[in-house]
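Notes follow the structure.
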Ligand SMILES: N[C@@H](CCC(=O)N[C@@H](CS)C(=O)NCC(=O)O)C(=O)O
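Numbering (UniProt numbering), first residue to last: 1 to 221.
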């Protein structure tokens, strides 16, 4: 039996949080090796574990995978979260890339200098309300099904649920006009694996605070 995947990253959400969510939703137990210092990062770089000298890196099925999207796609394919054919896969990828564009703004937000945070928050709210959330609400409305693609849970539903939680943490009113997105989030949150991940004490990471941001910045400076 293959061992548990091992996630190499710092102690924060960053780019790894998508991967934690997807594994958890798929019911896969995983271990984390948390980098605490620059030396921890250098060690991984020196031993050749990081193809592009970057994390996230995930040891899984005898591979050392880097590049967040490649890792997500492997997990999705392995655990039947990637559609039934190439057309469904194309839609799942198209939706997930839209989510990634918004998620990039959200995940970097805690690392911005205070003077840039207000502007970024306005941008996140504007893009959520006027671009990305209406687009996903429209998809759900167009087919009336429980999930975004093929009436079946996929990577796209899981990443969207995570994104909805994360944006709502920054603006509690952002979902007010999106009833189908709220219903999707409730549906996904009630899956036993996700329900467990949403409980306190799980491997889900909290939003980075000033202290954790300082510690993480030291690793990469
Ligand atoms: N395209 C890569 C980007 C990875 C990335 O930027 N990782 C950051 C940490 S979140 C890093 O390792 N930075 C150090 C560096 O680029 O040298 C991915 O999606 O995995």
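Quick reminder that beta carbons are idealized off the backbone N, C-alpha and C, glycines included.
Query	Result
Limits of the beta strand (DSSP E) - the one that residue 66 falls within	63-66
Start-to-end residues for the alpha helix (DSSP H) that takes in residue 198	192-198
Segment contact, 8 Å Cβ cut-off, at least three pairs: the segment 68-85 with the segment 141-158	yes
Which listed residue (43, 142, 99) has its alpha carbon closest to that of residue 133	99
Residue of 204, 212, 218 minimising C-alpha distance to residue 32	204
Contact set for residue 187: own chain, Cβ-Cβ below 7 Å, skip 5 residues either direction	146
Residue ranges of each alpha helix (DSSP H) within the UniProt domain "GST C-terminal" (85-207), 4 or longer	86-108, 114-127, 133-143, 155-170, 179-189, 192-198
Run of the beta strand (DSSP E) containing residue 214, from where it starts to where it stops	Looking at the DSSP string, residue 214 is not in any beta strand (DSSP E); the run it does join, the alpha helix (DSSP H), is 210-220.
Near ligand 1: residue 56 beta-carbon under 7 Å from a heavy atom	yes
Ligand 1 heavy atom lying under 7 Å from the CB of residue 66	yes
Proximal residues to residue 162 (C-beta, below 6 Å), its chain only, five neighbours per side dropped	21
Expected contact under 8 Å - CB spacing of residue 181 and residue 137 to nearest Å	6 Å
Closer than 7 Å: residue 14 CB and nearest ligand 1 heavy atom	yes
Any non-hydrogen atom of ligand 2 closer than 7 Å to residue 220 Cβ	Ligand 2 is not part of this structure, which contains only ligand 1.
Alpha carbon of residue 220 to alpha carbon of residue 143, nearest angstrom	45 Å
For residue 17, the first and last residue of its enclosing beta strand (DSSP E)	Unbroken run through residue 17 is the alpha helix (DSSP H), 17-25; no beta strand (DSSP E).
Simplified DSSP state of residue 9, which is helix, strand or coil	strand
Same chain, Cβ closer than 8 Å to residue 170, neighbours up to 5 away in sequence not counted	106, 109, 121, 124, 125
Per DSSP, cross-strand counterpart(s) of residue 60	63
CA-to-CA distance, residue 60 to residue 3, given in whole angstroms	8 Å
Rounded separation between residue 8 and residue 112 - CA only	23 Å
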